[in-house]
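Chains as they are written, first to last, in UniProt numbering: chain D, 1 to 173; chain F, 1 to 173; chain E, 1 to 173; chain P, 1 to 173; chain Y, 1 to 173; chain A, 1 to 173. For each residue, glycine too, the CB sits at the ideal point set by N, CA and C. Beneath this line is the structure, given in structure tokens, with notes to follow.
6 protein chains.
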Amino acid sequence: MHLKRAFYIGRFQPFHKGHYSVIKTIGKDIDELVIGVGSAQRSHETPNPFTAGERIMMIRHSLADTDIKHYAVPIDDIQQNAVWVSYVTARTPPFDIVYSNNPLILELFEEAGIETKQPPMYHRDKYSGTLIREKMIAGEDWEQFVPEAVTEVIEEIDGVRRLKNVSGSDQTF
Amino acid sequence: MHLKRAFYIGRFQPFHKGHYSVIKTIGKDIDELVIGVGSAQRSHETPNPFTAGERIMMIRHSLADTDIKHYAVPIDDIQQNAVWVSYVTARTPPFDIVYSNNPLILELFEEAGIETKQPPMYHRDKYSGTLIREKMIAGEDWEQFVPEAVTEVIEEIDGVRRLKNVSGSDQTF
Amino acid sequence: MHLKRAFYIGRFQPFHKGHYSVIKTIGKDIDELVIGVGSAQRSHETPNPFTAGERIMMIRHSLADTDIKHYAVPIDDIQQNAVWVSYVTARTPPFDIVYSNNPLILELFEEAGIETKQPPMYHRDKYSGTLIREKMIAGEDWEQFVPEAVTEVIEEIDGVRRLKNVSGSDQTF
Amino acid sequence: MHLKRAFYIGRFQPFHKGHYSVIKTIGKDIDELVIGVGSAQRSHETPNPFTAGERIMMIRHSLADTDIKHYAVPIDDIQQNAVWVSYVTARTPPFDIVYSNNPLILELFEEAGIETKQPPMYHRDKYSGTLIREKMIAGEDWEQFVPEAVTEVIEEIDGVRRLKNVSGSDQTF
Amino acid sequence: MHLKRAFYIGRFQPFHKGHYSVIKTIGKDIDELVIGVGSAQRSHETPNPFTAGERIMMIRHSLADTDIKHYAVPIDDIQQNAVWVSYVTARTPPFDIVYSNNPLILELFEEAGIETKQPPMYHRDKYSGTLIREKMIAGEDWEQFVPEAVTEVIEEIDGVRRLKNVSGSDQTF
Amino acid sequence: MHLKRAFYIGRFQPFHKGHYSVIKTIGKDIDELVIGVGSAQRSHETPNPFTAGERIMMIRHSLADTDIKHYAVPIDDIQQNAVWVSYVTARTPPFDIVYSNNPLILELFEEAGIETKQPPMYHRDKYSGTLIREKMIAGEDWEQFVPEAVTEVIEEIDGVRRLKNVSGSDQTF
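Next up, the structure:
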């Protein structure tokens, strides 16, 4: 029995309904989904407030109401594009196909001889990590854009307070 | 609602029935288990034949017959003990307790103020990664020591052939 | 006998009278001060002309006229905020309190359960590393903004010439 | 017999006629030339489309019609200027002189006590890596600016297609 | 005014009376001493129980009863001998001479054109980090081999308990 | 026109007549040879006395009396076997076949789908880096085992003196 596994990657800062929707769509075509949590080493920054562990928890709890078998795996930035595909495949279960809308990721996997496919785009103007983080900082309603499980995780870790605090920083000291 | 999460780490080269048994025991006391896959960056060596991704797959498929909610997360060796605990916690969901029989791991988490507990020991003389790898190389029966799902994964990746090949190497060239 | 130790960090490019003034104020409340020399691995750049070793020498010689017991310790950028606090504490004597005006640093130490305090701000418009480096490049008077010991160190290493040279570079080749 | 060796470094994205012309000039004064291929770890990016290996091949094939004895050596960015000279000299044959027009490189080697010299500038407005890459992306004629051997290498690796693809990426995902 | 500065390096696990005695002797010939704390990134291991910060504190407090102006600087292992000297000099104040009995260190600094000198050997059979750590583990008297200030530091951090705990570990898990 | 390129790797500490003989044999079947200089970051150690740059020079000068078109490229140890093949291919011109007698290297390239071939073994008991280094240290005749060009390089860099010095070191301080 060979399982059909796919790979999908994002930064998930935070995991939102756009991601959720894409994954639900991909899930129909495959047996198992490997979800890469990109820029895993980054956290406590305006564009990357949450740790990899926190993002993994968001994903797992959000997908608990689906029957999609998935793996969430942290992937650090390694800044060596030519090595990146094998870096990813070394820490993930073997997969047959990559779903992405990012031209660089598509190029890298295609050069490596791995099949790629562009998933249907969710409404990127509506569901956007950048927008959600801005709303968190401004104290506006952001909960509507994320699965309920993500709201719970962010509350558990007091994530909005953290983001507000670090967004006041110039990141250099 | 606060979930009780625990952390347990191993190299899982490969994941065997001893690991399985310990996790079943731990699982009774907690809501979710974070499983660290140690020495994640290593593979294709006699003591570390399998990649982190392959080991994650072994764990997930083996535990599919249980109802233990778990996360399997690759943890690279960083060779800086004083930084190791925060390296782990940055890539894992928050946990309340660490289960380990390793004195170094116990010491590091205790110095960090995290509760630790020693799980019941499985029969280490019977279930041992070293022993299983030796049997693989020697062409003896190793399948009895691992969950059936692990046998399937190792067959899918042609793992015994790989181990035999690299075990003939002196690792320097 | 427990000594009260505090931590204070800066890039000190170069160490100036604003830093000196803050340290004098902090020094009144504590027994020993650990001074982190940030971005330690950087030098020979317009925003970071001096090596960690040169900056340590500036600090030590400037504080020689005080009775503040202090340690000056190089701290490299590690680009992993979630690990940074333990990276710092591993290479510094244990401290009880952190003095900083930087929101990120305050957040990171507070999440780690370490007490923080904002020192009185010196005149940041007057004493500014950026301003001092600009004056060095422009050939204007910069010596008035730094302790005399810093002027001597910069002369010993021919630092103004170095800064002028590297500031003409686009840093890529 | 002591050979006179010189060092010259560039990113060579791609190697063009300006580089070729400078090297021909330098070659008259020396016995052997060590050519550093800078930012070696970078590839598959708009400003750095080609791997170090591909750039080494461009250099070697382009200089095949000269009698300049040369070594092409990949040099990674290490982001520690104070260490950079010894990093370079550890992976290159010993050299007596450095040719460069870059102020930072001149400063670093001069502080290390190594002789430097500014080669005659080629027409930087005419021969520019940036310009050539822009022409590749725009589908305009770029072949006139590079040695014929470079055109062949880029065709062998399908380099223009790669650059077009990755230039559509925002490099973050 | 040019100060005569010297460099001396050790692992100082822990700092003992042999180190103290050598430094007192060196101190007579120089104005300032730069003390490198080697293998700075290591701790919580049988051969390296103490962090760099703890070792710095041992040195500073032990030398408080002398008038030797000194800098204690953590030096990580970088495993690239050809780069090591410039790595050290980048994080230390400029020095004129290196005191060492280690052939590798002498060779590296001599190849870099820096003067070296062998300090008088202390009784290595009597004062030895290895011996002191063995006595700590065995519960024997070790305090007689270290300055009183070191005993105080080790008590403050509960260092003997830590060493006993980690020495029971096989360092792999 | 597609050139047939092969890859061959060694540590070359130093480059000896066994290596020379294998390369001459391989050279008959191919157009260009890429020679990886392994453990490139190591030097000044008993098993690795020479820098990558020095080893590159040995190779190039030794092969000057052949008509084998070759590239000598430093390859650092990266300690991640699953990533190693793409690390190598990113810094080398594209090659079609790998020549090696090392089981690990054969396995890694075969898993990556690259053709491998075992070259005829030279007399490993006669031509051995270990043996040559032992003879250098003992002051015995080693020159007979290396190409004349290698003797010249080692004399130019005073390599035997260096090896003797560092071989007296225990490599820890």
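> With C-beta atoms as the reference, is residue 39(E) less than 8 Å away from residue 83(F)?
Replying inline: Sequence index remark: in the third sequence, residue 39(E) carries index 39 (1-based). Sequence index remark: in the second sequence, residue 83(F) carries index 83 (1-based). Contact flag unset, no.
> In the UniProt domain "Cytidyltransferase-like" (7-135) of chain P, which residue ranges form an unbroken alpha helix (DSSP H) of at least 4 residues, counting only runs that do not cross its ends?
Replying inline: 17-27, 52-62, 81-90, 103-111
> Quick one: does residue 41(P) have its CB under 8 Å from some CB of chain D?
Replying inline: Locating residue 41(P) in the fourth sequence gives position 41, counting from the first residue. Yes, residue 41(P) lies at the interface with chain D (some Cβ there is under 8 Å from its Cβ).
> Can you pull the DSSP bridge partners for residue 5(P)?
Replying inline: Here residue 5(P) refers to the residue found at position 5 when the fourth sequence is read from its first residue. In the DSSP output, where bridge partners are listed per residue, residue 5(P) has 32(P).
>> In this structure, how does DSSP classify residue 158(Y) when only helix, strand and coil are distinguished?
In response: Residue 158(Y) sits at position 158 when you count from the first residue of the fifth sequence. DSSP places residue 158(Y) in coil when its eight states are reduced to three.
> Hey, is residue 257(Y)'s beta-carbon within less than 8 Å of any beta-carbon in chain E?
Replying inline: For chain Y, the structure presents residues 1 to 173; residue 257(Y) sits outside this window and is missing.
> Between the region 64-86 of chain E and chain F, which residues of the former have a C-beta closer than 8 Å to a C-beta of the latter?
Replying inline: Answer in chain order: 80, 82, 83, 85, 86.
>> Quick check: the Cα distance between residue 94(Y) and residue 23(Y), rounded to an integer number of angstroms?
In response: For the purposes of this step, residue 94(Y) is taken as the residue at position 94 of the fifth sequence. For the purposes of this step, residue 23(Y) is taken as the residue at position 23 of the fifth sequence. Rounded to whole angstroms, residue 94(Y) to residue 23(Y) spans 18 Å at the Cα level.
> To the nearest angstrom, how far is it from the Cα of residue 137(F) to the Cα of residue 13(D)?
Replying inline: Here residue 137(F) corresponds to residue number 137 of the second sequence, with the count starting at 1. Here residue 13(D) corresponds to residue number 13 of the first sequence, with the count starting at 1. Answer to the nearest angstrom: the Cα atoms are 45 Å apart.
>> Using a 10 Å radius around the Cβ and a threshold of 16 neighbouring Cβ atoms, would you call residue 70(Y) buried or exposed?
In response: Here the question's residue 70(Y) lines up with position 70 in the fifth sequence. Answer is buried; the Cβ neighbour count reaches 16.
>> Can you look up residue 146(D) in the DSSP assignment and give me helix, strand or coil?
In response: Here residue 146(D) refers to the residue found at position 146 of the first sequence. Reduced to three states, the DSSP call for residue 146(D) is coil.
> Apart from the five residues just before and just after residue 164(Y), which ones in its own chain have a Cβ nearer than 7 Å to its Cβ?
Replying inline: Within the fifth sequence, the letter at position 164 stands for residue 164(Y). Correct list, in chain order: 137.
>> Rounded to whole angstroms, what is the Cα-Cα separation between residue 58(P) and residue 56(F)?
In response: Within the fourth sequence, numbered from 1, the residue matching residue 58(P) stands at position 58. Within the second sequence, numbered from 1, the residue matching residue 56(F) stands at position 56. Rounded to the nearest angstrom, the two C-alpha atoms are 42 Å apart.
>> Measuring only the C-alpha atoms, how far is residue 51(D) from residue 42(D)?
In response: Here residue 51(D) refers to the residue found at position 51 when the first sequence is read from its first residue. Here residue 42(D) refers to the residue found at position 42 when the first sequence is read from its first residue. Going by the C-alpha atoms only, they are around 7 Å apart.
>> Which residues in chain A have a C-beta closer than 7 Å to the C-beta of residue 107(Y)? List them in chain order.
In response: Within the fifth sequence, the letter at position 107 stands for residue 107(Y). Within 7 Å Cβ-Cβ: 44, 162, 165, 166.
>> Check whether chain A comes within 8 Å of residue 93(Y), counting only Cβ atoms and requiring the distance to be less than that.
In response: To locate residue 93(Y), count along the fifth sequence from 1; it is residue 93. The beta carbon of residue 93(Y) does not come within 8 Å of any beta carbon belonging to chain A, so the residue lies off that interface.
> Rounded to the nearest angstrom, how far is the Cβ of residue 37(Y) from that of residue 74(E), given a contact under 8 Å?
Replying inline: Working through the fifth sequence from its first residue, we reach residue 37(Y) at position 37. Working through the third sequence from its first residue, we reach residue 74(E) at position 74. No, residue 37(Y) and residue 74(E) are not in contact; Cβ-Cβ is about 11 Å, not under 8 Å.
> Given that residue 193(P) touches chain D, what residues does it touch there, using C-beta distances under 7 Å?
Replying inline: Because chain P is modelled from 1 through 173, residue 193(P) falls outside the range shown and cannot be assessed.
>> Cβ closer than 9 Å: which chain Y residues qualify as neighbours of residue 157(E)?
In response: Within the third sequence, numbered from 1, the residue matching residue 157(E) stands at position 157. Ordered by position in chain Y, the residues that pass the 9 Å Cβ test against residue 157(E) are 94.
>> I'd like to know if residue 90(Y) contacts chain P, where contact means its C-beta is closer than 8 Å to some C-beta of that chain.
In response: As a first step, residue 90(Y) must be located in the fifth sequence, where it is residue number 90. Judged by the 8 Å Cβ criterion, residue 90(Y) is in contact with chain P.
>> Three or more C-beta pairs under 8 Å: does that hold for the region 119-134 of chain A against the region 17-35 of chain A?
In response: yes
> Whose C-beta lies closer than 7 Å to the C-beta of residue 68(F) among residues of the same chain, with five residues either side of it excluded?
Replying inline: Against the second sequence, residue 68(F) aligns to sequence position 68. If we look at residue 68(F) and ignore the five residues flanking it on each side, its Cβ neighbours are 23, 27, 33.
> residue 94(E) CB to nearest chain C CB: under 8 Å?
Replying inline: Protein chains in the displayed structure are D, F, E, P, Y and A, and chain C is not among them.
> For the candidate residues 148(Y), 159(Y), 168(Y), whose alpha-carbon lies nearest to that of residue 65(Y)?
Replying inline: Residue numbering aside, residue 65(Y) sits at position 65 when the fifth sequence is read from its first letter. The residue from 148(Y), 159(Y), 168(Y) with its alpha-carbon nearest to that of residue 65(Y) is 148(Y).
>> Can you tell me whether residue 171(Y) is helix, strand or coil according to DSSP?
In response: For the purposes of this step, residue 171(Y) is identified with residue 171 of the fifth sequence, where counting begins at 1. Reliability fails at residue 171(Y), whose pLDDT of 48 lies under 50, so the model's placement of it is uncertain and the value that follows must be treated cautiously. Here residue 171(Y) sits in coil by DSSP.
> Excluding five sequence neighbours on each side, which residues of the same chain lie with their C-beta closer than 6 Å to the C-beta of residue 115(E)?
Replying inline: The sequence position of residue 115(E) within the third sequence is 115, counting from 1. Taken in chain order, the residues that qualify are 97.
> Comparing the C-beta of residue 60(D) with each C-beta of chain F, is any distance below 8 Å?
Replying inline: If you number the first sequence from 1, residue 60(D) lands on position 60. Judged by the 8 Å Cβ criterion, residue 60(D) is in contact with chain F.
> Between 111(Y), 99(Y), 45(Y), which lies nearest to residue 157(A) when the distance is taken from Cα to Cα?
Replying inline: If you number the sixth sequence from 1, residue 157(A) lands on position 157. When only C-alpha atoms are compared, the closest one is 111(Y).
> residue 154(D) versus chain F: which residues are under 8 Å apart at the beta carbon?
Replying inline: Counting from 1 along the first sequence, the entry for residue 154(D) is found at position 154. Ordered by position in chain F, no residue passes the 8 Å Cβ test against residue 154(D), which lies about 12 Å from the chain.
> Relative to the C-alpha of residue 107(P), which residue among 159(E), 105(E), 126(E) is closest?
Replying inline: For this step, residue 107(P) is matched to residue 107 along the fourth sequence. Comparing Cα-Cα distances from residue 107(P) to each of 159(E), 105(E), 126(E), the minimum goes to 159(E).
>> With distance defined between alpha-carbon atoms, name the residue in 161(A), 20(A), 45(A) nearest to residue 9(A).
In response: Indexing the sixth sequence from 1 puts residue 9(A) at position 9. That would be 20(A), whose Cα lies nearest to the Cα of residue 9(A).
>> Less than 8 Å between CB atoms is the rule here; does residue 57(Y) satisfy it with respect to chain E?
In response: One-based indexing of the fifth sequence puts residue 57(Y) at position 57. Interface residue, yes.
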